[in-house]
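Just below is one structure, and these are the notes that go with it.
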Amino acid sequence: MKSNHDMELAKRVRQIRIDNHLTQDQVAKALNATPGYICNVESGRTAMSLRMLVYFAKLTGESLDSLVGSIEKDYQATALDHDILEALANFTTEEKKKLLETIKIWKP
1 MKSNHDMELA KRVRQIRIDN HLTQDQVAKA LNATPGYICN VESGRTAMSL
51 RMLVYFAKLT GESLDSLVGS IEKDYQATAL DHDILEALAN FTTEEKKKLL
101 ETIKIWKP
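Start counting the sequence shown at 1; every next residue gets the next number (this note's numbering).
Now the structure itself:
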């Protein structure tokens, strides 16, 4: 059984196609897919690959985040932690000390 998120994406893809006055055939041709594939995506039987989502977003002028929705809070926090650690990897020890002192000023 598909998740609520998958079904919401399926409905969103269908609505965006309709709003852009496109047929399933037109979308299929633009994405180099079959009309049956587009029908399956819109009914929630098949999930679009990331590559197909990118092509669909470009075709319809939508952003990927508007298609797939917001990032879950737990994942967003983890991704932010990862970004911070990645940024710190190139800091010198002295720069890390200065940053730590700055953080202490912001949040005593």
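Cβ coordinates follow ideal geometry from the N, Cα and C atoms, glycine included.
Going by beta carbon distance, what residues of the same chain come within less than 7 Å of residue i, once the five residues before and after it are set aside?
i: ILE38; result: GLN24, VAL27 and ALA28
i: THR93; result: none
Do residue j and residue i count as a contact pair if the criterion is CB distance below 7 Å?
i: GLY36; j: MET7; result: no
i: TYR55; j: LEU31; result: yes
Helix, strand or coil for residue i per DSSP?
i: ASN40; result: helix
i: MET7; result: helix
i: THR117; result: An answer regarding residue 117 cannot be provided, because it is not within the stretch 1 to 108 covered by the chain.
i: ARG45; result: coil
i: LYS107; result: coil
i: SER66; result: helix
i: HIS82; result: helix
i: ALA33; result: coil
i: LEU59; result: helix
i: LEU53; result: helix
i: LEU100; result: helix
i: LEU22; result: coil
Using 7 Å as the limit for Cβ to Cβ distance, is residue i near chain E?
i: ASN4; result: Given the protein chain composition of this structure (a single chain), no chain E is represented.
Which word fits residue i, buried or exposed, when buried means at least 16 other C-beta atoms lie within 10 angstroms of its C-beta?
i: ILE84; result: exposed
i: ARG17; result: buried
i: ALA87; result: exposed
i: ALA89; result: exposed
i: GLU42; result: buried
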